[in-house]
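In the UniProt record's numbering, the protein residues as written are 1 to 170.
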């Protein structure tokens, strides 16, 4: 997972991370699935010369209509997903309103946060979760990391900005 870009601006700490690198698997599998469906029905896009030929093809093989309807229904979902992939994640710690936002949606008030926690998961390869621990005992996971130095740096920025301690829990 790519590290966050850290930016302090006008009483705001902004953490952004692009997810564009994660789209490669999605694109490859979608392309493979589309090719599989089209080859199953012996249908090439070059064979569609007009709307009439597409309609006649659907009449010959009505089961392809199912795939077309599903694709149309998922377009808004795909647009939302692509927007997220391109724009990525954005956490904003707003010093003026004392609120923590994720992609412009409210998560917590500053007063609800007790500390910043790094959770260590040991195994073949160690992994690290970065969370905000609330005064109510809940935790809000911000991200997971494979490198301790990356999570410590980010936790330090958040802890410093919110004036909170950073706790490492094994």
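Built from N, CA and C at the ideal position, the CB exists for glycine as well.
- Query: Roughly how many whole angstroms lie between the Cα atoms of residue 56 and residue 141?
  - Reply: 52 angstroms
- Item | Boundaries (first-last residue) of the alpha helix (DSSP H) holding residue 160 | Counting along the chain, the alpha helix (DSSP H) containing residue 160 begins and ends at 148-162.
- Task: Please state whether DSSP places residue 53 in a helix, a strand or coil.
- Result: helix
- What are the boundary residues of the beta strand (DSSP E) that includes residue 117? 113-121
- Message: Considering only the alpha carbon of each residue, which of 123, 135, 98 and 34 lies closest to residue 10?
- Response: 98
- Message: Just to confirm before moving on: does the CB-CB distance between residue 129 and residue 112 stay below 8 angstroms?
- Response: no
- State the start and end residues of the unbroken beta strand (DSSP E) segment that holds residue 129. 127-134
- Task: In the DSSP assignment, find the unbroken beta strand (DSSP E) run with residue 100 in it and report its ends.
- Result: 99-102
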